[in-house]
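Residue numbers (our numbering): 4 to 480.
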């Protein structure tokens with residue numbers, strides 16, 4: 004029953020994610036034509052600050068509430084006020100340090116941008132409980148609609164502001180407006196009223212899990228963002244702008260396939276956490292599905308980036324193309340594993356923290372070694388090496404605590420890689436003919452996807468058969 008419910012939820016989340024990403028990419032393209040890589044770097048710093056604050060305000064407590072089977076109203080109120088208190092601390096902290104941060108990065112305008120973005124922090128705790136309740140009731144249809152509506156309205160306003168010359172402030176306005184609309188709709192969609200109740204006992208009960216999870220998420224977050232900080236400080240915001248643009252370009256398969264899938268899987272896997280056999284099978288099946296859809300999409304992005312970037316945002320962003328290629332290779336090792344979701348679903352946030360500490364230490368070491376060379380390419384290459392090592396580290400922990408062998412994960416993924424790899428070869432062959440960018444990109448997409456579909460129908464990899472079987476069983480019901 005869980006797998007059918009998951010398929011339905013994945014459908015809603017996937018559709019919402021595709022539409023949101025399509026809207027966001029359109030906005031990214033339009034904004035990139037209006038702003039410089041240096042201004043893009045400034046926005047990247049703001050997004051880092053907002054993301055870091057969101058982890059502390061919501062992360063650990065939200066995960067605890069979702070994976071806990073029975074939650075009383077007193078615990079809901081306790082966590083709400085705890086999150087509200089933390090959000091106020093972050094507002095005060097960044098108001099006090101914004102000037103120092105602007106001096107550190109050598110950009111005076113950054114002070115005003117940071118002060119403005121602190122308004123976002125006040126809205127984060129207000130949607131925590133409604134979001135948790137919708138997750139626990141598996142109402143991903145409503146979650147998807149709310150997120151899509153909020154994003155669409157904020158984008159329309161931001162598009163208008165860009166068209167009349169607001170520049171970087173239009174992008175910041177979009178971030179703030181999304182928080183306001185999203186929080187308002189969540190609050191109106193769930194029947195939960197704030198009660199003036201607080202319990203230190205309830206807070207303590209959730210504390211161990213929440214602290215471990217928050218620490219794990221914080222380490223994971225900064226391991227992904229420390230390269231941005233290093234680039235901004237030692238190479239400059241222009242370099243950060245190129246680097247962030249390339250990373251966001253590559254985030255499409257990760258967000259569209261993995262991140263949103265994890266949102267659905269967490270409550271589903273939590274519901275079967277006591278059935279190790281079923282949980283392990285679900286993990287392996289999902290890993291196979293991720294590689295089956297993720298690998299060809301990553302290769303498509305790799306081969307069309309040299310055509311798509313000049314077409315959409317102009318030649319001033321061409322320096323980002325090699326970075327996109329590097330990130331594509333790095334993401335191959337990351338997209339097929341979801342150990343964090345697995346550990347959290349069984350209530351072992353401590354394991355998530357341990358693996359996060361080890362793997363992110365490896366990542367940070369690689370970034371620091373890459374930064375010695377003093378260029379963005381070296382730092383990017385270090386991420387490929389780190390992701391390769393981290394794949395095996397995560398796999399070892401999953402085997403040790405849940406009995407899932409590395410060979411099982413590799414066995415379910417390598418057929419997907421074999422049928423997707425010809426897409427990459429086709430792209431390079433088309434480049435030999437030096438077609439104009441629109442023609443070249445169209446040929447790569449059409450021939451690449453057609454080849455992948457043909458190979459799937461011919462060789463029928465594990466994930467293809469699994470998905471076909473699940474859909475067939477669902478239709479019989």
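Using N, Cα and C, we set each Cβ at its ideal position, and we do this for glycine too.
For residue 138, the enclosing alpha helix (DSSP H) begins and ends at 131-139. Segment contact: the stretch 21-37 against the stretch 83-96, fewer than three CB-CB distances shorter than 8 Å; contact not assigned.
Shown here, residue 353 sits in a helix according to DSSP, grouped into three states. Residue 288 and residue 138 have their C-alpha atoms roughly 22 Å apart. For residue 185, the closest of 150, 215 and 196 by C-alpha to C-alpha distance is 150.
Counted as a single uninterrupted DSSP element, the alpha helix (DSSP H) harbouring residue 163 occupies residues 143-166. A contact is defined here as three or more CB-CB pairs under 8 Å, and the stretch 323-337 meets this definition with respect to the stretch 391-398. Using a Cβ distance threshold of 9 Å, residue 429 and residue 450 count as a contacting pair.
When C-alpha distances from residue 315 are compared across 403, 441, 448 and 417, the shortest belongs to 441.
Around residue 44, the same chain offers 235, 239, 240, 241, 242, 243, 244 and 247 as residues with beta carbons nearer than 8 Å, after the five sequence neighbours per side are excluded. For the pair residue 386 and residue 278, the Cα-to-Cα distance works out to about 35 Å.
Sorting 29, 470 and 51 by C-alpha distance to the C-alpha of residue 294 places 470 at the top. Of the other Cβ atoms in all chains shown, fewer than 16 fall within 10 Å of the Cβ of residue 202; this residue is therefore exposed.
The Cβ atoms of residue 371 and residue 233 lie closer than 9 Å to each other. Here residue 299 is not near residue 433, since their CB atoms are 9 Å or more apart. The Cβ atoms of residue 177 and residue 55 lie no closer than 9 Å to each other. Taking C-beta atoms under 8 Å as the contact rule, residue 67 and residue 274 fail to qualify, at a distance of about 15 Å.
Taking the Cα of residue 381 as reference, the smallest distance to any Cα among 310, 326, 354 and 297 is reached at 326.
Secondary structure note for residue 456: its alpha helix (DSSP H) is the uninterrupted segment 440-462. Close CB contacts of residue 173 within its chain, under the 7 Å cut and outside five residues either way in sequence, are with 161, 164 and 165 (chain order). Around the C-beta of residue 110, 16 or more other C-beta atoms lie within 10 Å, and the residue is accordingly described as buried. Fully enclosed alpha helix (DSSP H) runs of no fewer than 4 residues occupy 279-316 and 324-337 of the stretch 264-337, in order along the chain. DSSP places residue 236 in the uninterrupted alpha helix (DSSP H) bounded by 203-237. Counting along the chain, the unbroken alpha helix (DSSP H) around residue 42 starts and ends at 40-57. The alpha-carbon separation between residue 127 and residue 120 amounts to approximately 12 Å. Taking C-beta atoms as the reference points, residue 454 and residue 426 count as a pair closer than 9 Å.
Under the three-state reduction of DSSP output, residue 339 falls in the coil class, being neither helix nor strand. Taking C-beta separations shorter than 7 Å and ignoring five residues to either side along the sequence, the partners of residue 374 in its chain run 233, 237 and 382, following chain order. Under the three-state reduction of DSSP, residue 23 is assigned to helix. Straight-line measurement puts the Cα of residue 187 at about 28 Å from the Cα of residue 32. Take the alpha-carbon of residue 413 and the one of residue 73: they are about 37 Å apart.
Taking all protein chains shown into account, residue 136 has 16 or more neighbouring C-beta atoms within 10 Å of its C-beta and is therefore buried. The criterion of a C-beta distance shorter than 9 Å is not satisfied by residue 342 and residue 417.
Only residues of its own chain outside the window of five on either side were considered, and among them 128, 131, 132 and 197 have a CB closer than 7 Å to the CB of residue 83, listed in chain order.
By the neighbour-count criterion, in which a residue is buried when 16 or more other Cβ atoms sit within 10 angstroms of its Cβ, residue 42 is buried. Looking at the backbone, the Cα of residue 157 and that of residue 322 are separated by about 30 Å.
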